[in-house]
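Quick note on the working numbering: the sequence shown kicks off at 1 and runs consecutively. Glycine residues also receive a C-beta, built at the ideal position from the N, C-alpha and C atoms.
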Amino acid sequence: MHVWSRKTVAALLIGDVETYKASRQGKYDDLPQLASLLKKLEEKKVNSVGLSLKEIVMLGNMVHDVDMKETSVRNWLKRDAKELIGTPWLGRKYSGDQAVLLLLIEDLRGALDFASIRKVLEKVFNRLDNRNDDLVPPVDFYLIYAEVFRKAATLQEGSDLLQQAFNQRITTLSKHSCHMFDEPVQPVICSSLEVMIHACLASHFKHSARILAEQL
């Protein structure tokens, strides 16, 4: 489908149904699996029933520049990222926080290797299989990340992406979005967020290039 922003997904995952409904497109009644997933999310049942990997992939693919493949995700989850996500939270179902980590990894892996992804994620979430030592809950962080990405994408208009000034504007955006955090947490979250935004922008351009190449 590829019609949502990351902020729409973030709103769903944190239970902000009003923001989600204001920004979504379509009702998806003709897609029963998606409609069922959205109903579960709208009723804020993620933390009680969890999400299957298929549902997380379906949700990720609603974002306009994401192309997740369940088989591919399953493979890198087993091989490279198992320790980044941990075991499924409820049987074979993942928690909302684990779903967010999967979506973040998908955004980052187009530009960073898994060792680098782990380093960035551990700055914010410490032990990735333990939610008690997070500097900020993954779902809350994803909302901040989604908003900064949206603003960073608009910076491209009239900007020279090769100039340091563009990088500085992303730095400023990241710092402004982390103003609610106290020292010494703030600079850690801010610097990690900045890395993720650059990586996600790189993945976005890679996705666009692949689509254009397929049209040649």
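Put simply, of Tyr94, Glu214, His207, Ala213 the residue whose alpha carbon is nearest the alpha carbon of Val63 is His207. Boundaries for Thr87: no alpha helix (DSSP H) harbours it, and the DSSP string shows neither H nor E there. Residue environment analysis places Asp97 among the buried positions, since at least 16 neighbouring C-beta atoms fall within 10 angstroms of its C-beta. In summary, Val3 is exposed, with fewer than 16 beta-carbon neighbours lying within 10 Å of its beta-carbon over all protein chains present. In the three-state scheme derived from DSSP, where H, G and I count as helix and E and B as strand, Leu34 is classed as helix.
Around the C-beta of Pro138, 16 or more other C-beta atoms lie within 10 Å, and the residue is accordingly described as buried. Within its own chain, the residues whose Cβ lies closer than 6 angstroms to the Cβ of Glu55, once the five positions on either side in sequence are excluded, are Leu37, listed in chain order. Assignment of Leu102 by DSSP, reduced to helix, strand and coil, places it in the helix class. In the three-state reduction of the DSSP assignment, Val46 falls in the helix class, which pools H, G and I. Sequence-distant Cβ neighbours of Met68 in its own chain, meaning closer than 7 angstroms and more than five residues away, are Val57, Gly60, Asn61, Glu106.
Contact between Leu51 and Ala99 holds: their C-beta atoms lie close to 5 angstroms from each other, under 8 angstroms. Look at the beta carbons and you see the region 195-202 touching the region 145-154: at least three pairs across the two are nearer than 8 angstroms. Excluding five sequence positions before and after Val120, the CB atoms of its chain that fall closer than 6 angstroms to its own CB belong to Ser192, Val195, given in chain order. With contacts defined as CB atoms closer than 9 angstroms, Phe181 and Val136 qualify as a contacting pair.
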